[in-house]
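Just add 3 to the spot in the sequence shown (first one is 1) and you have my numbering. Built from N, CA and C at the ideal position, the CB exists for glycine as well. Working notes for the structure below.
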Amino acid sequence: ALIVDTSLSGMRVARELDRLITERGRPRMIVSDNGSEFTSNAILAWADKNRVEWHYIAPGKPMQNGFIESFNGR
Numbered sequence: 004a005l006i007v008d009t010s011l012s013g014m015r016v017a018r019e020l021d022r023l024i025t026e027r028g029r030p031r032m033i034v035s036d037n038g039s040e041f042t043s044n045a046i047l048a049w050a051d052k053n054r055v056e057w058h059y060i061a062p063g064k065p066m067q068n069g070f071i072e073s074f075n076g077r
């Protein structure tokens with residue numbers, strides 16, 4: 004899913020992930036960068052509650068998340 008906004012809080016991301024789970028099912032793992040919306044307490048609690056492993060790419064290594072990074076600038 005793609006949610007476009009100027010700023011997304013961790014709470015907003017968690018709410019959208021809940022919506023996605025109802026539509027597509029629960030993922031085993033999510034891979035993201037280290038943006039504050041993904042490292043927030045809201046996301047850490049959400050991942051724990053939903054038993055979803057969260058993997059953060061290494062800082063300064065966008066190629067580790069190449070699929071998503073390929074959308075930047077489109």
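*Quick one: give me the first and last residue of the beta strand (DSSP E) that I46 is part of.*
It is not in any beta strand (DSSP E) - I46 instead sits in the alpha helix (DSSP H) that spans N44 to N53.
*Look at the Cβ atom of L20, then the Cβ atom of W49, and state whether they are nearer than 8 Å.*
yes
*Report all residues from its chain with a CB closer than 7 Å to the CB of A17; omit the five preceding and five following residues, and keep chain order.*
A45, I46 and W49
*How long is the line joining the alpha carbons of R54 and R31, rounded to whole angstroms?*
8 Å
*Please report the residue range of the beta strand (DSSP E) in which I33 lies.*
M32 to S35
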